[in-house]
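Enquirer: Those protein sequence lines, which keep their order, are chains A, B and C.
Numbering-wise, this note's numbering puts 122 at position 122 of the first sequence, and it's gapless, one number per residue.
To convert, take the position in the second sequence, counting from 1, and add 310; that gives this note's numbering.
To convert, take the position in the third sequence, counting from 1, and add 620; that gives this note's numbering.
Beta carbons are placed, not taken as given, at the ideal position from N, Cα and C, and that holds for glycine.
As the structure is a prediction and not an experimental result, all values here were calculated from the model.
One structure follows; several queries about it will come next.
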Amino acid sequence: MLKGRHLIDPMDFTVEEMAQVFDLADKIIEDQRKYADVCKGKLLATLFYEPSTRTRFSFEAAMLRLGGQVIGFSEPGSSSVSKGESIADTIRTVACYTDIAVMRHPKEGAPKVASMHSDIPVINAGDGGHQHPTQTLTDLLTIRSEKRRLTDLTIGLCGDLKFGRTVHSLIKAMSRYSNNKFILISPDELKIPEYIKEIILQKNNVEFLECKNLESVIGDLDILYMTRVQRERFANEDDYLRLKDSYILDCEKMKKANPEMMVLHPLPRVNEISYEVDNDKRAYYFKQAKYGMFVRMALIAKLLGVDELC
Amino acid sequence: MLKGRHLIDPMDFTVEEMAQVFDLADKIIEDQRKYADVCKGKLLATLFYEPSTRTRFSFEAAMLRLGGQVIGFSEPGSSSVSKGESIADTIRTVACYTDIAVMRHPKEGAPKVASMHSDIPVINAGDGGHQHPTQTLTDLLTIRSEKRRLTDLTIGLCGDLKFGRTVHSLIKAMSRYSNNKFILISPDELKIPEYIKEIILQKNNVEFLECKNLESVIGDLDILYMTRVQRERFANEDDYLRLKDSYILDCEKMKKANPEMMVLHPLPRVNEISYEVDNDKRAYYFKQAKYGMFVRMALIAKLLGVDELC
Amino acid sequence: MLKGRHLIDPMDFTVEEMAQVFDLADKIIEDQRKYADVCKGKLLATLFYEPSTRTRFSFEAAMLRLGGQVIGFSEPGSSSVSKGESIADTIRTVACYTDIAVMRHPKEGAPKVASMHSDIPVINAGDGGHQHPTQTLTDLLTIRSEKRRLTDLTIGLCGDLKFGRTVHSLIKAMSRYSNNKFILISPDELKIPEYIKEIILQKNNVEFLECKNLESVIGDLDILYMTRVQRERFANEDDYLRLKDSYILDCEKMKKANPEMMVLHPLPRVNEISYEVDNDKRAYYFKQAKYGMFVRMALIAKLLGVDELC
Chain A
1 MLKGRHLIDP MDFTVEEMAQ VFDLADKIIE DQRKYADVCK GKLLATLFYE PSTRTRFSFE
61 AAMLRLGGQV IGFSEPGSSS VSKGESIADT IRTVACYTDI AVMRHPKEGA PKVASMHSDI
121 PVINAGDGGH QHPTQTLTDL LTIRSEKRRL TDLTIGLCGD LKFGRTVHSL IKAMSRYSNN
181 KFILISPDEL KIPEYIKEII LQKNNVEFLE CKNLESVIGD LDILYMTRVQ RERFANEDDY
241 LRLKDSYILD CEKMKKANPE MMVLHPLPRV NEISYEVDND KRAYYFKQAK YGMFVRMALI
301 AKLLGVDELC
Chain B
311 MLKGRHLIDP MDFTVEEMAQ VFDLADKIIE DQRKYADVCK GKLLATLFYE PSTRTRFSFE
371 AAMLRLGGQV IGFSEPGSSS VSKGESIADT IRTVACYTDI AVMRHPKEGA PKVASMHSDI
431 PVINAGDGGH QHPTQTLTDL LTIRSEKRRL TDLTIGLCGD LKFGRTVHSL IKAMSRYSNN
491 KFILISPDEL KIPEYIKEII LQKNNVEFLE CKNLESVIGD LDILYMTRVQ RERFANEDDY
551 LRLKDSYILD CEKMKKANPE MMVLHPLPRV NEISYEVDND KRAYYFKQAK YGMFVRMALI
611 AKLLGVDELC
Chain C
621 MLKGRHLIDP MDFTVEEMAQ VFDLADKIIE DQRKYADVCK GKLLATLFYE PSTRTRFSFE
681 AAMLRLGGQV IGFSEPGSSS VSKGESIADT IRTVACYTDI AVMRHPKEGA PKVASMHSDI
741 PVINAGDGGH QHPTQTLTDL LTIRSEKRRL TDLTIGLCGD LKFGRTVHSL IKAMSRYSNN
801 KFILISPDEL KIPEYIKEII LQKNNVEFLE CKNLESVIGD LDILYMTRVQ RERFANEDDY
861 LRLKDSYILD CEKMKKANPE MMVLHPLPRV NEISYEVDND KRAYYFKQAK YGMFVRMALI
921 AKLLGVDELC
């Protein structure tokens, strides 16, 4: 039963509960019109203590496409709600006006604190470098929809594997499904943290391989999940310049990839995927954004318990 | 007849007109669904020349819960509408697009000026330290709903009585109902202004008492209206530190209060009410926020004249 | 067929296509209720990379009055969508969530670039000093509605004719209708650019006259289109002070005007039209703002192809 629940950590839901969300997303995709009014009379609060236009748009579009309405703020300046006020008081006030809240906050744990004082469901839309569970739902729905399974996949994760929260969450989430294998492609400076390897991968007997070169492994992948390699992560400019090209996906590298391989990216992309790749039918990153809206529709409907109306 | 009227000063409405708003609020609370579409096709403009997320949320939620829609801006930066343009021109343009407007402005009198040039109802959502009439409506609806009367009450007002516009408006408004008595609890630095005592209280033969100590009078109160004591109001830090604890409500002080006493606060609260008090059934300040939304629903419906549809 | 088209340049539509938009606007004005739900289930994105509250309000009100919904951002600060991301990627993401987009951008050409990568219609809501096609549609609908024709008119354009993009677009647009004549009233510093005279007016054999004095020609005009004369356009303060009064419209000058002359202004007005003129029945500039909303309703409905439902 997901009605009335919060979503703070990508692992808050069991595999079965995630399947419920994905199943509903499938139905929405199949017949969107049927769900066009299920949230009539419901209000979503979008509490963005730091700007994230893409994520905010996705949530707001999701709620509006379910027939609900939205109030909110989109950056710190407008959040007078927070001036000297505790997160607890803010969410209790917001809960007087709305039926469900989405919170983005620069501080880790803020959405968790909110959920502890809230009568309405709270969704974490990103808290610092910590969690971003609806990105994980997006990634999984995209894979499930396009590959027709969440098991038996070889998943390449490429770029900044040290700081990327989407990558860590994706590994955790996909490790719960059987027989997936990870290929972790990054420069030494940006390798996956040890705790992910120990606690998630080794403990669960998940097969993985670390390497530095995308080109050498791209042929083995069912999924290539690209992330940004940021200049500021490197101690010196030379290292950055020497390394960055290895982690840029272009048509040349795509030639060596499996014809069924999917390229994913959480967006925004800067230059880690060449524009020329956009026309390759294996480029799924914009379609992925669309799945992001659908999975949020399903999530909101589930947490509000309105999907039973259909 | 409230249709087409403005609300700029809390005293713009007669006691009878306020009763009409409260009666409608009662009906909305009783059967919210009945009013879910009365504002279909109507547009509210929220013109916030200074941020006030809480007040804006309350108005926007009110309009959306009536089936209307909202456009607006939420802080000075986005109000290009105002660049070099007069308030008169702004409201005349806004009136081309919308059916009713809410204005928050740092300058006293700005909403009044707007109302003088507007074909659509204008609601003052706070103009500097001047007026905030919907806070007063909120306070009165809360008292009326929970105490079942607006007369024969002993009302304690505690904290900063000098600068608090909500306190001044509440005194004015409650002085119009028979047999209310005020206990004004504040340090010398933050006593109620003389004009309030002379023009409002003495002139209307309203009983009142000034004192410095909350604990000594809390047992006599039907209502305790708390406000913030701001550090910056004191000439020196020592005075602030010496005095602040006397004006912090905690469970210890609540023990001496009447079992039926209501604690109200316009929010946001900083530290003038201890968090431990939140669990006391006499703490009404979050419920008060909810009444704030309902009274705004009633107000909007009345000014648009759509309540007659029900 | 306007369905699925973009509107970037005021001249993107033929005279016939503009007539389709105006005809629909007429119908909407006649029976707004009939169109109250034609955009149900549709989402408009308002992408304002620089603030323009008036234009944003007009578009948002238009969409909401058609029964559609709106998501968006209203100033650069909140547009994290754009952080390091190309306009192409932004619009492709936005197109995942919405059905039509409006873009305001400080850089000339940005909406054009967006339209080239977009699956959904893109409307230019102003790009730098370049184009603002819906202002031109507004101006033409106002003239057509009030004068019952777009031909055989003597149009005075007064003030800053050098930098005013609305003036340039209005000249281009009105030059496509037969027998219109322009009187171009400005100080030497702010004369119409040569290319407008050569390429638009002379090439199309459109009659025009340049002069410096409003009072001497006001009696000849069917339409007087006022624009702001900005202090910062002048090399020295003396020139500004010497000239500014000649370009301020007041009741004294209105006495010499034709009793049927229309005064238009794109707003915001600063001091180029005295407030006393507002009460003159020939002052149409606020009514013009209202036509602006109606023409945007018609435009959105046409680009989405939903007007055929009525």
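Leaving out the 5 sequence neighbours to the left and right, which residues in its chain are closer than 7 Å to Leu-644/C when beta-carbon positions are compared?
Expert: Ala-918, Ala-921, Lys-922 and Asp-927
Enquirer: Is it right to say Gly-394/B is buried, meaning 16 or more other beta carbons lie within 10 angstroms of its own, or is it exposed?
Expert: exposed
Enquirer: For chain A, is any of its Cβ atoms less than 9 Å away from the one on Lys-660/C?
Expert: yes
Enquirer: Assign Leu-551/B to one of two classes, buried (16 or more other C-beta atoms within 10 Å of its C-beta) or exposed (fewer than that).
Expert: exposed
Enquirer: What is the residue span of the beta strand (DSSP E) that Thr-166/A lies within?
Expert: Run containing Thr-166/A: none in the beta strand (DSSP E); it sits in the alpha helix (DSSP H), 165-174.
Enquirer: Can you pull the chain D residues whose beta carbon is under 8 Å from the beta carbon of Leu-450/B, in chain order?
Expert: Note that chain D does not occur in the displayed structure, where the protein chains are A, B and C.
Enquirer: Using beta carbons (cut-off 9 Å, strictly below), is Val-926/C in contact with chain B?
Expert: no
Enquirer: Against chain C, with Cβ distances strictly below 9 Å, would Arg-402/B count as a contact?
Expert: yes
Enquirer: Determine the chain A residues that contact Leu-627/C at a beta-carbon separation under 8 Å, and present them in chain order.
Expert: Correct list: empty, because the minimum Cβ distance to chain A is about 22 Å.
Enquirer: Counting only the same chain and skipping the five closest in sequence on each side, list residues whose C-beta sits under 6 Å from that of Leu-243/A.
Expert: Pro-187
Enquirer: Considering only residues of the same chain and omitting the five flanking positions on each side of Asn-179/A, which have a CB-CB separation below 6 Å?
Expert: Thr-151 and Asp-152
Enquirer: For a test of the three-state rule: what should DSSP assign to Phe-22/A, helix, strand or coil?
Expert: Helix.
Enquirer: If you measure from the CB of Asp-462/B, is any heavy atom of the ligand COA nearer than 8 Å?
Expert: Absence of the ligand COA is noted for the structure shown, with no ligands found whatsoever.
Enquirer: For the structure I just gave you, are there three or more beta carbon pairs, one from the stretch 134-151 of chain A and one from the stretch 260-268 of chain A, closer than 8 Å?
Expert: yes
Enquirer: Tell me which residues share the same chain as Pro-259/A and place their Cβ nearer than 6 Å to its Cβ, disregarding the 5 neighbours each side in the sequence.
Expert: none
Enquirer: Under the three-state reduction of DSSP, which class applies to Leu-622/C: helix, strand or coil?
Expert: coil
Enquirer: Given that Phe-693/C touches chain A, what residues does it touch there, using C-beta distances under 7 Å?
Expert: Within chain A, the C-beta atoms nearer than 7 Å to that of Phe-693/C come from Thr-53 and Ser-74, in chain order.
Enquirer: In chain B, which residues lie with their C-beta within 7 Å of the C-beta of Tyr-97/A?
Expert: Phe-367, Ser-368, Ala-371 and Met-603
Enquirer: Going along the chain, which unbroken runs of the beta strand (DSSP E) with 3 or more residues stay wholly within the stretch 345-396 of chain B?
Expert: 353-358 and 379-383
Enquirer: Taking the beta carbon of Met-536/B as the centre, do at least 16 other beta carbons fall within 10 Å, making it buried, or is it exposed?
Expert: buried
Enquirer: Going by the CB atoms, is the gap between Asp-409/B and Lys-352/B shorter than 9 Å?
Expert: For Lys-352/B and Asp-409/B, yes; Cβs fall inside 9 Å.
Enquirer: With 16 other CB atoms within 10 Å as the buried threshold, where does Lys-422/B fall?
Expert: buried
Enquirer: Show which residues of chain C have a CB atom less than 8 Å away from the CB atom of Gly-394/B.
Expert: Pro-888 and Val-890
Enquirer: If Ile-433/B sits next to Leu-317/B, beta carbons under 8 Å apart, how far is it from one beta carbon to the other, in whole angstroms?
Expert: 5 Å
Enquirer: Please return the same chain residues whose Cβ sits closer than 7 Å to the Cβ of Asn-891/C, not counting the five positions on each side in sequence.
Expert: Cβ-Cβ distances below 7 Å link Asn-891/C to Ile-868 in the same chain, with the five nearest sequence neighbours on each side left out; the list follows chain order.
Enquirer: Beta-carbon of Gln-908/C versus every beta-carbon of chain A: anything under 9 Å?
Expert: Not one beta carbon of chain A lies nearer than 9 Å to the beta carbon of Gln-908/C.
Enquirer: In this structure, what does DSSP give as the bridge partners for Val-890/C?
Expert: According to DSSP, which records beta bridges pairwise, Val-890/C is partnered with nothing at all.
Enquirer: With respect to the beta strand (DSSP E) encompassing Ala-435/B, which residues constitute its N-terminal and C-terminal limits?
Expert: That run of the beta strand (DSSP E) goes 432-437.
Enquirer: What does the Cβ neighbour count give for Ser-392/B, buried or exposed, with the cut at 16 atoms within 10 Å?
Expert: Note on Ser-392/B: pLDDT 49, under 50, position unreliable in the model; the coordinate value appears next. That one is buried.
Enquirer: In the structure shown, what three-state DSSP assignment does Ala-301/A receive?
Expert: helix
Enquirer: List, in chain order, every chain B residue whose beta-carbon is nearer than 8 Å to that of Asp-89/A.
Expert: Leu-577, Pro-578 and Arg-579
Enquirer: I want to verify the contact list: residues of chain C whose CB lies under 9 Å from the CB of Leu-315/A, in sequence order.
Expert: Residue 315/A lies beyond the residue range present for chain A, which begins at 1 and ends at 310; the question has no answer from this structure.
Enquirer: In this structure, how does DSSP classify Thr-634/C when only helix, strand and coil are distinguished?
Expert: In the displayed model, Thr-634/C falls within coil according to three-state DSSP, outside both helix and strand.
Enquirer: The alpha helix (DSSP H) spanning Arg-862/C covers which residue range?
Expert: 857-864
Enquirer: Got a sec, what are the start and stop residues for the beta strand (DSSP E) Lys-112/A sits in?
Expert: First-last for Lys-112/A: 110-116, but that is the alpha helix (DSSP H), not the beta strand (DSSP E).
Enquirer: For chain B, is any of its Cβ atoms less than 9 Å away from the one on Ala-45/A?
Expert: yes
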